[in-house]
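Asks: Residue numbers (our numbering), protein chains in the order written: chain A, 112 to 188; chain B, 199 to 359; chain C, 1269 to 1350.
All C-beta atoms in this analysis are idealised placements derived from N, C-alpha and C, irrespective of residue type, glycine included.
Quantities reported herein were computed from a predicted structural model and do not represent experimental measurements.
I am attaching a structure below and will ask some questions about it afterwards.
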Amino acid sequence: MIEGLVILLLTVLITLGAVVTALWKGPFDKLIGLSIISAGIIPFVVMRGYLDVAIVVALIIPLSTIIILLLLGRPVQ
Amino acid sequence: MLEEYGRILIAAALAWILFVSVDIFWRLPQKGGVSGANAIGEMIARRGGDRNGGWMMGNIVSSPDASAGTLLAACGVFVAGIPGGIVAALLVFIGNRICHDPGYAGTTGALIATAVIALSTQFGFFPSDFIVGTVIAILTIQGLSLTKASHLLGRLWRWRA
Amino acid sequence: MESLIAAVICLLIAVYGAIRAVIEQETLARLPFINVMNFGIAGAIVLILPHPLTLVAAAAYFIGSTLEANAIASAYAKRGGT
């Protein structure tokens, strides 16, 4: 039952993040929405025991955000 | 059951006092450490908050500080006892340097928290109480009223300075 | 497992942080609430699976999310906001 509650809360987080990323307009807001989604999925990966996958994903998603920010800073060609 | 919530609340209060003291000791409210912290501090000041308090809150967001140290130390002691807490302090130190933060607030916070949590187990506390406690403590600072929290932190900063 | 109750508390705080961030209008002001969410998730990770390596996962998640928040804040400040 408690396990179901954990799954429910994580799903709420992921869904909220997905909806909000679609609705918000600015690029920085969308990146914040992506971080909400990733906050929801990492515990799922941990729950199944894939700790090494969790570590890698937890490092790559913020790295992607930083790369996106760098790309946003460049003038459009 | 009720006793567990009492323990968690006491752990939250201890964690609050711990990381606020360590952060103020290391002068986090003095200025924004990294550029993101400065931006958040200015934003809070614009909303009517205290500037120094805002800078400290910006520093909490932008770089692992004593609050991060306390949380990860609690996680470390939870999984692996005192050695786990020390490993957590090392991880926070590495995290600080990755974020280009030359400070020691996170590392010292983690070490002090490890000692406090290890000591608290003699009084019947569990490290998991401190994990939840630190999250609750951060909630009170960053998650309720940004301006009111910044005023409180600003007052504590001036009292120290 | 009592630590699962603690995990639920951490997750509730995380969801609260996310909802406050959604309600908030100003981009920079969302970041402290996202920070609350990250603290909650990092705590929940360790409470869900007590294992020494989970500490590394929680630390990796927390430092990654801190780096990310800092990058968003400083990029927003530099570009003057959209």
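Taking the straight line between their C-alpha atoms, what separation do you get for A:Y161 and B:W357?
Replies: Along the first sequence, read from residue 1 onward, the residue named residue 161 of chain A stands at position 50. Along the second sequence, read from residue 1 onward, the residue named residue 357 of chain B stands at position 159. Our two residues, A:Y161 and B:W357, have alpha carbons roughly 47 Å apart in a direct line.
Asks: Can you look up B:C371 in the DSSP assignment and give me helix, strand or coil?
Replies: In the structure as shown, chain B begins at 199 and stops at 359. Residue 371 of chain B is therefore absent and cannot be evaluated.
Asks: As a quick exercise: from B:G239, B:I310, B:Q340 and B:I296, pick the residue whose alpha carbon is nearest that of B:V275.
Replies: Your numbering for residue 275 of chain B matches position 77 in the second sequence. Per the Cα distances, B:I310.
Asks: Exposed or buried, which one is B:M241 when buried takes at least 16 other CB atoms within 10 Å?
Replies: Within the second sequence, residue 241 of chain B is the residue found at index 43, counting from 1. B:M241 is buried by the Cβ-count criterion.
Asks: What residue from B:G352, B:P281 and B:G267 has the CA that sits closest to B:V333's CA?
Replies: By one-based count along the second sequence, residue 333 of chain B stands at place 135. Nearest of B:G352, B:P281 and B:G267 to B:V333, Cα basis: B:G267.
Asks: Since A:S149 is in the alpha helix (DSSP H), which residue starts that stretch and which ends it?
Replies: The residue you call residue 149 of chain A lines up with position 38 of the first sequence. Run containing A:S149: P138 to M158, per the alpha helix (DSSP H) assignment.
Asks: In three-state terms, what does DSSP make of B:H368?
Replies: Because chain B here runs from 199 to 359, residue 368 of chain B falls outside it and cannot be looked at.
Asks: Could you check if C:Y1329 is buried or exposed, using at least 16 other CB atoms within 10 Å of its CB as the buried criterion?
Replies: The residue you call residue 1329 of chain C lines up with position 61 of the third sequence. The residue is buried, with at least 16 neighbouring Cβ atoms inside 10 Å.
Asks: Output, in chain order, the set of chain C residues within a Cβ distance shorter than 7 Å of A:I166.
Replies: The residue labelled residue 166 of chain A in the question sits at position 55 within the first sequence. Going along chain C in sequence order, the residues near A:I166 (Cβ under 7 Å) are V1324, A1325 and A1328.
Asks: Is there at least one Cβ from chain A nearer than 7 Å to C:V1290's Cβ?
Replies: Locating residue 1290 of chain C in the third sequence gives position 22, counting from the first residue. It does: the Cβ of C:V1290 has a partner Cβ on chain A nearer than 7 Å.
Asks: Please classify A:P173 as buried or exposed, where buried requires at least 16 neighbouring CB atoms within 10 angstroms.
Replies: As a position in the first sequence, residue 173 of chain A is number 62, starting the count at 1. Buried, by the Cβ-count rule.
Asks: Which residues in the same chain as A:L121 place their Cβ atom closer than 7 Å to its Cβ, once the five residues preceding and following it in sequence are excluded?
Replies: As a first step, residue 121 of chain A is located in the first sequence; it is residue number 10 there, counting from the start. If we look at A:L121 and ignore the five residues flanking it on each side, its Cβ neighbours are G151, P154 and F155.
Asks: Let me see if you follow: with CB-CB separation under 7 Å, is A:L142 close to chain C or not?
Replies: In the first sequence, the residue the question calls residue 142 of chain A occupies position 31. Yes, its Cβ sits closer than 7 Å to a Cβ of chain C.
Asks: Just the Cα atoms here: how many angstroms apart are B:E202 and B:S318?
Replies: As a position in the second sequence, residue 202 of chain B is number 4, starting the count at 1. As a position in the second sequence, residue 318 of chain B is number 120, starting the count at 1. Straight-line Cα distance between these residues: approximately 14 Å.
Asks: Within the same chain, show all residues whose beta-carbon is closer than 6 Å to that of A:V157, passing over the 5 residues directly before and after it, in chain order.
Replies: Within the first sequence, numbered from 1, the residue matching residue 157 of chain A stands at position 46. Cβ within range, chain order: A165.
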